[in-house]
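What follows is a single structure, written as structure tokens, with notes after it.
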Amino acid sequence: MGRKLLLEKAHIDGIRSYDVYRREGGYASVEKVFKNMSPDQVTEEVKKSGLRGRGGAGFPTGMKWSFLAKPEGVPRYLVCNADESEPGTFKDRYLMEFIPHLLIEGLIVSSYALGSNRTYIYIRGEYAWIVDILEQAIAEANANGWLGKNILGTGFDCQIYVQRGAGAYICGEETALIESLEGKRGNPRIKPPFPAVKGVWDCPTVVNNVETLAAVVPIINLGGEEYAKIGIGKSTGTKLISACGNIKKPGVYEIDMTISVEEFIYSDEYCGGIPNGKRLKACIPGGSSVPILPTNLLFKTAKGDTRIMNYESLADGGFATGTMMGSGGFIVMDEDQCVVRHTLTLARFYRHESCGQCSPCREGTGWMEKILKNIEYGKGKMSDIDLLWDIQRKIEGNTICPLGDAAAWPVAAAIRHFRDEFEWHVLNPVESQQRNFGLAHYADPRPVPVA
Amino acid sequence: MVFSEDKLKKVQEIIARYPAGKQKSALIPVLHLAQEEFGGWLSAEAMDYVASLLSIEPIEVYEVATFYSMYNLKPVGRYLFEVCQTGPCMLNGSDQIIDYIKEKLGIGVGETTSDGLFTLKTVECLGACGYAPMMQLGKHYREHLTKEKVDQIIEECRSRATSLN
């Protein structure tokens, strides 16, 4: 059983309410920093912890905080990115829905470290009922003196507001999120200037993911060095993984980044294996934008070691034989699933969600979707596969924001690892139209584990 | 077309969340309020009204309303079924659920039933991948959908509509 730092108390009856959360030791980190630590000391602890941003990019959080410009007389802002929209990812929702005070506590400590007097939670618009849960938690924190003016007599003022988005994946990108918070279309900005210098309303701003900000609480409670001892190498602390697709036990799991991918999929503590006696075919371990891996590459790294659920091990071998931790959106596919069809759904997603600013993304995503649709429905040509490869190469790295990469990578990985499945569709148009996919030879050749 | 007193108070509360002079930031939340208040969609008149409330140009409202997928720019049925069709939901049978709803309601995607009760819309990932297949209905998610659950939801909506009429 791995160590639980974020979800340890999530199953306690009534933990959503302030009284129970406080009774269970909640808000201790706020007391600790306000009594004993300067804002810079809080940032120092976060640096020592080795915490990496949990939204997908994995950038060191303490370092990001230390980049924040602090000009005299200019307000600074902390924005919590709760826009969670990457297919496969639903971990932040779990945290906000079941243990909202953990996020509020992390936000107060982080606001103090960064000197933010107005802090915003930007949440995807569809999570409407979670807005109510968060606003209730904020009201309780206010009523109990953890927010407002001169908190605990420190002279520090802080208020937290919830801003609801309106359905746009791109608003998970930090500069698009800032534009949206300013009441505009979610068009990403060209960087530099980075938000740390010129963010919301042109003021210095830090944008961090929900899980990242919640993790500040155990970091302060344990101490940065102690937190850094959990995990392996530069993958410190715990990580929330949202597991879905063809598994027996979909859900949100907290892991300490030392367990193997194989154990995560097959052990009863986590996903519980593949249902209906099916074999595993492929997995996308970090949200839809990261490369898909067939079973033979999923359990072993390029060096032949057991692949571990952490940043380094998942990325081992680069994109040729590896993938990424990303947001922790773990999508499992059984032997009956069609990689071409799945890739088509992702291409459609990225075409739908492109903001349209950059031509390679605006035009390229739609083009990829059309070609994939043709291949999937038995109307493709062999040359389409190479054309698809060529288009994704022309999108990757040629856009203002990472949405272009996110759209290109799933297509690239699907062709790289499952090219003969694409060819099968071209060569078998009738079966393809009848949705008779075949090609079970990709599936894990090992016997199906007995439940 | 004007907001009720309660809604106008709410608009002022939202504007107060932002620094002075940054009231445009209230646009997205106020458009949500307008959609709720004015029949589930945003007409040009509703958008112009929101522009006047926030002292911004109507074009600033139009460009935002047309960018975000949660705003409806034409009338929708009383019950809007927004069914997720992205990868993880597809792996768990969303294609079959969408086909079943079409058959059951006798409409295609983007259409509204002749009695004005139901509109079917397909949407991209709603962040409920572990509870797939799923749809959004109003403020809440309906998850782990099966044909039986779809029947139940349709019946629920019909009886709610009858009791409201």
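Protein chains in written order, with my numbering: chain G, -8 to 442; chain A, 6 to 170.
Every residue, glycine too, gets a C-beta built ideally from N, C-alpha and C.
Chain A partners of residue i, CB-CB under 8 Å?
| i | result |
| --- | --- |
| M324/G | L96 |
| T336/G | Q90, T91, G92, M95 |
| H333/G | G92, M95, L96 |
| Y152/G | R22 |
| E75/G | G132 |
Can you list the residues of chain G that residue i reaches, using a CB-CB cut of under 8 Å?
| i | result |
| --- | --- |
| P24/A | P66, R109, W192 |
| G135/A | F81, S233, A234, C235, P241, G242, V243 |
Report the neighbours of residue i on chain G: residues whose CB is nearer than 9 Å to its CB, in chain order.
| i | result |
| --- | --- |
| Y67/A | Under the 9 Å cutoff, chain G gives no residues; its nearest Cβ is about 11 Å from Y67/A. |
For residue i, decide whether its Cβ has a neighbour in chain A, counting only Cβ atoms nearer than 8 Å.
| i | result |
| --- | --- |
| W400/G | no |
| L172/G | yes |
| A442/G | Because A442/G sits at a pLDDT of 40, beneath the cut-off of 50, its placement in the model cannot be relied upon, and the following sentence gives the value as read from the coordinates. Answer no: the Cβ-Cβ gap between A442/G and chain A never drops below 8 Å. |
| H343/G | yes |
| Y218/G | no |
| D159/G | The identity of residue 159/G in the sequence shown is Ala, whereas the question assumes Asp. A159/G counts as touching chain A. |
| F255/G | no |
| F340/G | yes |
| Q32/G | no |
| Q328/G | yes |
| W120/G | yes |
Is the CB of residue i under 8 Å away from at least one CB in chain G?
| i | result |
| --- | --- |
| P34/A | yes |
| S4/A | With chain A running from 6 to 170 in the structure shown, residue 4/A is simply not present. |
| F8/A | no |
| S74/A | yes |
| K144/A | yes |
| K126/A | no |
| T27/A | Per the sequence shown, the amino acid found at residue 27/A is Lys instead of Thr. Yes, because at least one Cβ of chain G sits closer than 8 Å to the Cβ of K27/A. |
| K15/A | no |
Where does residue i sit, in a helix, a strand or coil, going by DSSP?
| i | result |
| --- | --- |
| H145/A | strand |
| K175/G | coil |
| R339/G | helix |
| T286/G | helix |
| F185/G | coil |
| Y267/G | Reading the sequence as shown, one finds Asn at residue 267/G and not Tyr. Three-state result, N267/G: helix. |
| E87/A | strand |
| K272/G | strand |
| K15/A | helix |
| M140/A | strand |
| Q383/G | helix |
| Q348/G | coil |
| N141/G | coil |
| Y76/A | coil |
| A442/G | Because A442/G sits at a pLDDT of 40, beneath the cut-off of 50, its placement in the model cannot be relied upon, and the following sentence gives the value as read from the coordinates. A442/G falls in the coil class under three-state DSSP. |
| N212/G | helix |
| R22/A | coil |
Given that residue i touches chain G, what residues does it touch there, using C-beta distances under 7 Å?
| i | result |
| --- | --- |
| L131/A | E117 |
| Q141/A | E117 |
Within the same chain, show all residues whose beta-carbon is closer than 6 Å to that of residue i, passing over the 5 residues directly before and after it, in chain order.
| i | result |
| --- | --- |
| A234/G | P241, C262, F321 |
| P209/G | L(-4) |
| I250/G | M300 |
| D396/G | E387 |
| K152/A | Y105 |
| A403/G | Q383 |
| S102/G | L69, T110, C149 |
| D307/G | T292, A293, G313 |
Within a Cβ cutoff of 8 Å, which residues of the same chain sit near residue i, ignoring the five residues on either side of it in sequence?
| i | result |
| --- | --- |
| H432/G | Low local confidence applies: a pLDDT of 47 at H432/G is under 50, so the model's placement there is unreliable, and no value is given. |
Nearer than 7 Å: is that true of the beta carbon of residue i relative to any heavy atom of the ligand FAD?
| i | result |
| --- | --- |
| Y218/G | In terms of ligand content, the structure shown is empty, and the ligand FAD therefore cannot be addressed. |
Find the residues of chain A that neighbour residue i, judging by a C-beta separation of less than 7 Å, and give them in chain order.
| i | result |
| --- | --- |
| K175/G | V69 |
| P78/G | T91, G92, P93, C130, C134 |
| S279/G | G92 |
Please list, in chain order, all residues of the same chain as residue i whose beta carbon is under 7 Å from its beta carbon, the five residues on each side excluded.
| i | result |
| --- | --- |
| M139/A | C89, C94, L131, A133, Y146, R147, E148, L150 |
| A413/G | A small correction: the amino acid at residue 413/G is Phe; Ala does not occupy that position in the sequence shown. Cβ within range, chain order: V331, I366, I376, I406. |
| K79/A | W46 |
| T167/A | none |
Whose Cβ in chain A lies nearer than 9 Å to the Cβ of residue i?
| i | result |
| --- | --- |
| G156/G | I33, Y73, M75 |
| R84/G | G132, A133 |
Is the shortest distance between the beta-carbon of residue i and the beta-carbons of chain C less than 8 Å?
| i | result |
| --- | --- |
| W415/G | Absent from the structure: chain C. Protein chains present are G and A. |
Complete alpha helix (DSSP H) runs within the segment 22 to 95 of chain G (minimum length 4 residues, chain order): Segments of the alpha helix (DSSP H) lying fully in the segment 22 to 95 of chain G: 30 to 40, 52 to 57, 82 to 89.
Length-filtered (4 minimum) alpha helix (DSSP H) runs lying within the segment 113 to 139 of chain G: Positions of the alpha helix (DSSP H) runs, each at least 4 residues long and wholly inside the segment 113 to 139 of chain G, are given as 119 to 134 in order along the chain.
Completely contained alpha helix (DSSP H) runs for the segment 292 to 335 of chain G, where each covers 4 or more residues: Correct list: 302 to 306, 309 to 312.
Every unbroken beta strand (DSSP E) inside the segment 221 to 256 of chain G [3 residues or more]: List check, beta strand (DSSP E) in window: 230 to 236, 242 to 246.
Minimum length 3: unbroken beta strand (DSSP E) runs contained in the segment 397 to 421 of chain G: List check, beta strand (DSSP E) in window: nothing returned.
Segments assigned alpha helix (DSSP H), at least 4 residues, entirely inside the segment 40 to 64 of chain A: Uninterrupted alpha helix (DSSP H) stretches at least 4 residues long and entirely within the segment 40 to 64 of chain A occur at 49 to 59, given in chain order.
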